[in-house]
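Below you'll find the structure, written out as C-alpha cells, and then a few comments.
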Amino acid sequence: MMKRLFLMLMLAIAFSVNADAQGWLNRLKDKAVDAAKNAVERNVERKADKEASDASDAVLNKKKGSKKSKGDEADLDEAEDDDTPVDAKSQKSDFVRGSVILFEDDFAGEQMGEFPSKWDISDGSLEVASVNGKKYAHSNTSGTTVFSPLMQNMKSYLPDVFTLEWEEFMCKPGDIPQMNWHIYFYQGDDEIANIYKMFRPWSPDAYGNYSFKKGGGASGEVTGDLQWDDLQKCVKYGQWNHFAISFNKRAFKYYINGQRVINLPNVAAPSRFEFHVQDDYPYRGIGHVILAKGAADLYQRQTTDLSAVEKAIAETGKFVTNNILFETGKATLKPESMAEIQKVADYMKKNPTARFEVQGHTDNQGSDKINDPLSQQRAEAVVKALEGLGCDPFNMRAVGKGSHEPVADNATEAGRAKNRRVEFIKK
Numbered sequence: 049m050m051k052r053l054f055l056m057l058m059l060a061i062a063f064s065v066n067a068d069a070q071g072w073l074n075r076l077k078d079k080a081v082d083a084a085k086n087a088v089e090r091n092v093e094r095k096a097d098k099e100a101s102d103a104s105d106a107v108l109n110k111k112k113g114s115k116k117s118k119g120d121e122a123d124l125d126e127a128e129d130d131d132t133p134v135d136a137k138s139q140k141s142d143f144v145r146g147s148v149i150l151f152e153d154d155f156a157g158e159q160m161g162e163f164p165s166k167w168d169i170s171d172g173s174l175e176v177a178s179v180n181g182k183k184y185a186h187s188n189t190s191g192t193t194v195f196s197p198l199m200q201n202m203k204s205y206l207p208d209v210f211t212l213e214w215e216e217f218m219c220k221p222g223d224i225p226q227m228n229w230h231i232y233f234y235q236g237d238d239e240i241a242n243i244y245k246m247f248r249p250w251s252p253d254a255y256g257n258y259s260f261k262k263g264g265g266a267s268g269e270v271t272g273d274l275q276w277d278d279l280q281k282c283v284k285y286g287q288w289n290h291f292a293i294s295f296n297k298r299a300f301k302y303y304i305n306g307q308r309v310i311n312l313p314n315v316a317a318p319s320r321f322e323f324h325v326q327d328d329y330p331y332r333g334i335g336h337v338i339l340a341k342g343a344a345d346l347y348q349r350q351t352t353d354l355s356a357v358e359k360a361i362a363e364t365g366k367f368v369t370n371n372i373l374f375e376t377g378k379a380t381l382k383p384e385s386m387a388e389i390q391k392v393a394d395y396m397k398k399n400p401t402a403r404f405e406v407q408g409h410t411d412n413q414g415s416d417k418i419n420d421p422l423s424q425q426r427a428e429a430v431v432k433a434l435e436g437l438g439c440d441p442f443n444m445r446a447v448g449k450g451s452h453e454p455v456a457d458n459a460t461e462a463g464r465a466k467n468r469r470v471e472f473i474k475k
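Take a look at the structure:
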C-alpha cells in the first residue's frame, strides 16, 4: 500500500514538473516570436527612414543646383561650408577709377554748418555736417535739395570716358523712417538718365529704379528695377558706403561697395550730373566725391589689365597704381580695390619665381608719426590680399614709405591723389 502511494506521489510530481516545463517552453517560444516580429518591424522602419532621407537629400541637392527660394536658401546656407573660397571670376567687382582727377571734395577743410564751397545749388538747402567723424554735404530742408559740382563750364564737364565716386551713410535699422536719393544726368538742359534709390531703415529694406535714354541714335529708353534681394548683398548698415559709376562712351556701370548692380551696354552720353536728396532727416547727403577722366576698357578687361601689368614691369621694373583704395586713416581695403589686386595676382601666378617689394605710399596730410606706420600696414594688407588670391607670400615683402617719396605736388588735390599709391617693384 505504501509503495502504491509513493508511486502515485512520484507520478504527480513528474506530471507537475513536466507541465511547468512545457509552460516555460511555450513562454520562451512566444518571446522569441515577438522578438523576431519586432526585429522585422525595426528593419522595415529603418529601410523606410533611409529611403525618405535619401529622397530628401536628393531634393535638397537638386535645390542647391537650381534657383532657391528665400526660405530654402536660408536653410541650405547652414549646411554649406562658409569657408569655401569665392571664385573671383564670378564677382561683379571690376571698377577702376579714371587716371586723371577732374574734381574731388572730401569736405575736410569746410566749416561745419556752412554751405560747401565747391558746390552749386539749384533748389533746397545744403550745409556741411559730420557723421562718424567724416564731413559731408547735408540736405537740411524738408523738400528736395538739388546740387552739382562747381565747374568752369556748368553745362558740359563730363568727358566721354569718366568715373564718378561718392559716399553715403546708411544708418542702422530703425534710426530714421526713410532715405530718398536721385542722381540725374543731362545733355545740356535735357534729362537723359536718372537712378532712384529708397532706403527704409525701419524695415530694413531698399529698392529703386533707373531710366536711360538709349545711345547711338537708337530711339526709346532702357529701364529697370533695383531689388532688395540684390541690394542687401552689398549695403552696409551703420557706416559709410561707397557708390561709383563708370562710363565709357556708351557703356554705363553702377556699383555699390564695389559690387556692380547696373550694367548697360548702350546709353546716351551725359554732359553733366546733379544729386537730388530728399527730406532733412539725419545722414541725408553726399560725402567724398571724386570725378575722374578715363575708365577701364569696354571689353577684354582681363587681357588688357594683365598686359598693362606685364608691360609696366617689363619696361620699368615696377607696376604703380592709384586704384588700390583704403578706408580713410585705416589699412582696410575698400571692396573696389580687389579688381586691381586681382590683375597683380594674375601676373604673380603667371610668373611664380618673380619676387616683389610691395610699397605703400601716402600724401603729406598728417604727420610722419601717423603716415609711416599707416603706409606699412597698408602694404601688409595688400600682401595679405594677394596671398588670399593664391600668391606665394615668400615672394612678397611689404614696405611702408609714408609720404617721403612723392611723385607729384602735395599742394594740390590732384597731386595728393597721385601720391597715394601702391608700387610693386620687381627684385
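Using this note's numbering, you'd call the opening residue of the sequence shown number 49 and step up by one each time. Note that the Cβ used here is the ideal one computed from N, Cα and C, for glycine as well.
Residue(s) in a DSSP beta bridge with residue i
{"i": "R469", "result": "H409"}
{"i": "I304", "result": "F291, Q307"}
{"i": "G448", "result": "G408"}
{"i": "I243", "result": "I231, Y258"}
{"i": "D277", "result": "None; D277 has no bridge partner."}
{"i": "G272", "result": "Y258"}
{"i": "Q326", "result": "T192, N228"}
{"i": "F367", "result": "F472"}
{"i": "D238", "result": "Q235"}
{"i": "L373", "result": "None, per the DSSP bridge assignment."}
Limits of the unbroken beta strand (DSSP E) element including residue i
{"i": "A177", "result": "174-179"}
{"i": "K341", "result": "333-341"}
{"i": "A486", "result": "Because the chain here runs from 49 to 475, residue 486 falls outside it and cannot be looked at."}
{"i": "V194", "result": "192-197"}
{"i": "E213", "result": "209-218"}
{"i": "I418", "result": "Segment 416-436 is the alpha helix (DSSP H) holding I418; no beta strand (DSSP E) there."}
{"i": "A185", "result": "182-187"}
{"i": "D168", "result": "167-171"}
{"i": "D153", "result": "148-153"}
Sequence-distant residues of the same chain with beta carbon closer than 6 Å to residue i, five excluded per side
{"i": "H463", "result": "Sequence check: residue 463 is Gly here, not His. Correct list, in chain order: A456, D457."}
{"i": "E121", "result": "With a pLDDT of 30 at E121, under the threshold of 50, the modelled position of that residue is not reliable, and no figure is offered here."}
{"i": "S486", "result": "In the structure as shown, the chain starts at 49 and stops at 475, and residue 486 therefore has no counterpart that could be examined."}
{"i": "D445", "result": "As written in the sequence, residue 445 is Arg, which differs from the Asp given in the question. E405, listed in sequence order."}
{"i": "I361", "result": "F367, K474"}
{"i": "Q424", "result": "G448"}
{"i": "I149", "result": "A340, A462, A465"}
{"i": "A207", "result": "Note that residue 207 is Pro in the sequence shown here, rather than Ala. Only K341 meet the Cβ criterion."}
{"i": "F63", "result": "No answer about F63 holds up, because its pLDDT of 43 lies below 50 and its placement is not dependable."}
Whole-Å CB distance - residue i paired with residue j, under 8 Å assumed
{"i": "L339", "j": "F472", "result": "Actually they do not touch by this definition, with Cβ atoms about 27 Å apart."}
{"i": "N305", "j": "H290", "result": "5 Å"}
{"i": "V176", "j": "M202", "result": "Their Cβ separation, rounded to whole angstroms, is 21 Å, which puts V176 and M202 out of contact at 8 Å."}
{"i": "V194", "j": "H336", "result": "With a Cβ gap of about 20 Å, V194 and H336 do not count as contacting."}
{"i": "Y427", "j": "G408", "result": "For the sequence presented, residue 427 should be read as Ala rather than Tyr. That pair is a contact at about 4 Å."}
{"i": "L434", "j": "I389", "result": "6 Å"}
{"i": "M227", "j": "Y302", "result": "That pair is no contact at about 17 Å."}
{"i": "T192", "j": "D168", "result": "So it is not a contact: roughly 15 Å between Cβ atoms."}
{"i": "Q326", "j": "P383", "result": "Contact flag wrong, Cβ pair sits at about 27 Å."}
{"i": "W288", "j": "K182", "result": "6 Å"}
{"i": "N257", "j": "D278", "result": "Contact doesn't hold; Cβ gap of about 13 Å is too wide."}
{"i": "A292", "j": "L422", "result": "Contact doesn't hold; Cβ gap of about 24 Å is too wide."}
{"i": "Y232", "j": "E322", "result": "5 Å"}
Close-in-space but distant-in-sequence residues of the same chain around residue i (CB under 7 Å, 5 per side omitted)
{"i": "K166", "result": "D153, P197, L198"}
{"i": "S259", "result": "A241, N242, E269, T271"}
{"i": "P400", "result": "D440"}
{"i": "G438", "result": "A393, K397"}
{"i": "Q235", "result": "A316, P318, S319"}
{"i": "V283", "result": "M218, A254, N289, I304"}
{"i": "F143", "result": "A292, S294, Y303, G306, E384, A387"}
{"i": "F374", "result": "T380, L381, K382, R426"}
Other residues of its chain near residue i: CB distance less than 8 Å, five sequence neighbours each side excluded
{"i": "T132", "result": "Unreliable placement is indicated for T132, whose pLDDT of 31 sits below 50; the coordinate value is still reported in the next sentence. If we look at T132 and ignore the five residues flanking it on each side, it has no Cβ neighbours."}
{"i": "V430", "result": "I372, L381, I389, V406, G408, A446, V470"}
{"i": "R468", "result": "N370, H409, T410, D411"}
{"i": "E363", "result": "none"}
{"i": "K466", "result": "N370, V455, A456"}
{"i": "Y184", "result": "F155, V176, A177, S178, E215, F217, G333, I334, G335, H336"}
Start and end residues, alpha helix (DSSP H) containing residue i
{"i": "N228", "result": "Careful: N228 lies outside any alpha helix (DSSP H), inside the beta strand (DSSP E) at 227-235."}
{"i": "A316", "result": "Element bounds for A316: n/a, residue is neither H nor E."}
{"i": "M386", "result": "386-398"}
TODO: Please determine if the segment 313-325 and the segment 256-266 are in contact, where contact requires at least 3 C-beta pairs separated by less than 8 Å.
DONE: yes
Open item on the list: When you compare the segment 368-382 with the segment 232-245, are there three or more beta-carbon pairs, one atom per stretch, that lie closer than 8 Å?
Closed with: no
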